[in-house]
Every structure is written in C-alpha cells, then in structure tokens.
Amino acid sequence: MEANIIMQKCSKAKKTFGVRVQLMSDGDWWRTWAFPMKESQGKNEGFDKNSVKGNMYATEEYPGCPYCHSMGFVQCGSCQKLTCWNGETTMKCGWCGETMENIVTATDKFDISGGKF
Numbered sequence: 000m001e002a003n004i005i006m007q008k009c010s011k012a013k014k015t016f017g018v019r020v021q022l023m024s025d026g027d028w029w030r031t032w033a034f035p036m037k038e039s040q041g042k043n044e045g046f047d048k049n050s051v052k053g054n055m056y057a058t059e060e061y062p063g064c065p066y067c068h069s070m071g072f073v074q075c076g077s078c079q080k081l082t083c084w085n086g087e088t089t090m091k092c093g094w095c096g097e098t099m100e101n102i103v104t105a106t107d108k109f110d111i112s113g114g115k116f
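Quick note on numbering that gives the first Met the number 0: the sequence shown kicks off at 0 and runs consecutively.
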C-alpha cells in the first residue's frame, strides 16, 4: 500500500492541515483522513516534498477540512497549492491570496508536487 500526506490550507480559516491520500488498486488516489497541522510541522515532516499525480477522490470516511468541513478542494493556478472549496465561483487562494474566478470542477488528473508547497 502506498500512502502520502499532502498539505492543504483552509480558505476560510487560513490554517494548514494534512490530508492522507492512499493509492488504491484502481490507480487513483483516495483522500482518507485530514488533520490540523502547522505549516512548519508539515515542512519538518517532509510533507512539502510529497508528490501525487492522478485523480483524487474522497472515501466515505474522509472527514473533510478540520476547520470549515469542506469536502472539496481546488488547486491554485498561481501557486499550485491546494485550498478548500465549497462550490464558490470566485474565491481567494488560502496560500497566496490570488483571486480565482469562474471555478469549475476538473475532470483532468491532478499533479501535486510537494516542492511547490
């Protein structure tokens, strides 16, 4: 079994959290768990260096963001980091503050490289 922790930031609370993702037999990544985590802690643990490529779905047990409870996320087009998404069409990235407009759900696979965190 292959699993990683990736870092995400709540767009509402502006707080960082870790998301455990697991590679399943179907070749897709599944979000299985989320937990509060300081950004410095994530970097100390090396989570900022993790890389995930492919689809990322949520298991039925996935609790969502520990702060706003969002089950969704978007990848910022500017900094490439993940932030919570509650279905808004316009929002600001929790990491860099870039305004993202006309957000739509993606059908393409994600490429999340830890070095961009």
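Glycine is no exception: its CB is placed at the ideal position from the N, C-alpha and C atoms.
| Check | Outcome |
| --- | --- |
| May I have the straight-line CA-CA distance separating GLU38 from TRP84, to the nearest angstrom? | 19 Å |
| Roughly how many whole angstroms lie between the Cα atoms of THR31 and GLU87? | 24 Å |
| Could you tell me which residues DSSP puts in a beta bridge with TYR56? | TRP29 |
| Candidates GLU100, LYS91 and VAL73: which alpha carbon is nearest GLY7's? | Rather than Gly, the amino acid found at residue 7 in this sequence is Gln. Of GLU100, LYS91 and VAL73, the residue nearest in Cα terms is VAL73. |
| Should PHE34 and PHE46 be called a contact, given that it needs their Cβ atoms to be closer than 8 Å? | no |
| Identify, in the order they occur along the chain, each residue of the same chain with its Cβ nearer than 8 Å to the Cβ of GLU100, setting aside the five sequence neighbours on each side. | THR88 and THR89 |
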